[in-house]
Amino acid sequence: MNQVLKIAVQKSGRLNEGSLALLKECGISVDNNRKDMLIAKAFNFPLEVLYLRDDDIPQYVEDGVADVGIVGLNVVNEKGKNTELVKKLGFSKCHLSLALPKHVGYTGLQQFNGKKIATSYPNTLSKFLKDNDLHAEIHEISGSVEIAPAIGLADAICDLVSSGSTLFSNGLKEVHNILDSEAVMVATANLDPEKKKILDKLIFRINAIMKARSFKYIILNAPENKVENIAKILPGMKSPTVTPLKEKGWVALHSVVAESDFWEVIDKLKDEGAEGILVVPIEKMI
Ligand code: PRT
Ligand code: ZN
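Going by the working numbering, the sequence shown wraps up at 983, each residue one higher than the last.
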């Protein structure tokens with residue numbers, strides 16, 4: 698029988714869109730039009746999608762009900778289930794942080810000793826406190842953690858932060874990051890070899906997409922006598938493509954540039970006399 702890889706994704710919420718967009722970019726079409734749909738088969742890849750609450754995904758993957766799952770690293774850590782981290786996916790980035798009321802001066806982690814901290818992440822926080830030899834009372838709440846200090850429920854909170862605007866609007870300030878998180882793919886231990894082959898194929902596609910996202914395609918015009926210098930700035934995947942322009946003494950160069958040092962490279966190119974610089978996104982990079 699032909700095997701199908703079962704992947705768990707969040708049914709609705711912050712991870713849903715990014716997870717489905719990633720599958721789509723992998724060329725995998727999934728029927729997800731109906732809101733009440735809990736399971737869907739891909740049309741053109743041996744994949745079945747299970748739509749679940751994010752909190753349940755680690756357990757389903759541990760049990761092998763789902764072979765793999767896309768979930769926040771924060772949830773994977775908190776649940777502590779037996780799953781294998783396959784890949785960090787680079788979206789839904791946030792961090793789990795300790796925060797205090799704005800007016801309270803912060804002197805260091807020791808300040809949390811003897812305090813009450815509200816959180817939806819009791820296991821992660823408890824481990825952090827233990828690792829740092831701190832003794833605080835954890836008050837577990839499942840949502841709206843940010844209002845806990847204002848209503849006298851806790852002295853501090855430990856919650857996810859992305860832009861920081863929720864903390865700000867609740868009169869809180871972030872004082873210590875305890876975990877960097879992003880969407881990750883986890884897999885069940887001892888995945889069936891047939892399914893492992895399907896997963897490898899999926900990861901190959903994801904790698905091509907993630908690599909493409911971190912690079913830009915760049916096209917520019919430059920004086921011919923500057924090609925050597927520019928090639929050093931823009932090494933490309935092998936070396937830049939150089940084509941002559943109709944105007945004598947000028948060439949066009951095509952290459953790729955890493956998003957991370959993009960502006961630095963542009964400044965250097967301008968210094969070498971590059972003109973008409975065009976930068977376009979890359980869809981896949983293999
Ligand atoms: O219904 P279900 O249980 O599936 O979803 P959920 O409501 O539990 O989770 P959801 O959709 O809110 O978040 C899913 C995952 O998205 C989280 O587990 C994180 O991995 C990731 N993520 C990324 C975030 C945030 N950014 C985030 N900002 N999850 C929550 N937040 C919340 C945070 O709790 C706080 O209340 O947003 C607020 C802070 O945001 P800023 O931008 O104001 O700092
Ligand atoms: Zn949840």
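Where is the CB? At the ideal position from N, CA and C, for every residue including glycine. It should be emphasised that the depicted structure is a prediction, and the values quoted were computed from it without experimental measurement.
Please work out which residues of its chain come closer than 6 Å, Cβ to Cβ, to residue i, disregarding the five sequence neighbours upstream and downstream, and give them in chain order.
i, result
"H873", "L795"
"S952", "I915, L931, G933, P937"
"P846", "P798"
"S860", "none"
"V768", "D751, I754"
In chain order, what residues of the same chain have a beta carbon less than 7 Å from the beta carbon of residue i, not counting five sequence neighbours either side?
i, result
"T863", "E843"
"A928", "S936, P937"
"L806", "N829, L831, H873"
Is the beta carbon of residue i less than 8 Å from the beta carbon of residue j?
i, j, result
"F809", "I875", "no"
"A971", "A909", "no"
"V758", "T940", "no"
"L702", "L896", "yes"
"G761", "A705", "no"
"E879", "K913", "no"
"I838", "S817", "yes"
"K708", "L744", "no"
"I725", "N741", "yes"
For the candidate residues the options, whose alpha-carbon lies nearest to that of residue i?
i, options, result
"N926", "K908, A886, K967, L942", "K967"
"K981", "V701, C723, G710", "C723"
"L942", "A955, W960, G973, F959", "G973"
"L770", "E961, E969, D964, V883", "V883"
"K776", "K790, L793, A763, P755", "P755"
"T804", "E745, N867, H836, E871", "E871"
"E969", "K945, P978, N922", "N922"
"I835", "S841, N820, G849", "N820"
Lining residues of ligand 2 - beta-carbon closer than 6 Å to any non-hydrogen atom, in sequence order: R750, D751, D752
Does the pairing of the stretch 712 to 720 with the stretch 780 to 800 give three or more beta-carbon distances under 8 Å? Yes, the stretch 712 to 720 touches the stretch 780 to 800.
Is the number of C-beta pairs between the stretch 900 to 907 and the stretch 790 to 804 that are closer than 8 Å three or more? no
Would you call the stretch 848 to 862 in contact with the stretch 812 to 822, where contact means no fewer than 3 C-beta pairs closer than 8 Å? The stretch 848 to 862 makes contact with the stretch 812 to 822; the number of CB pairs closer than 8 Å reaches 3 or more.
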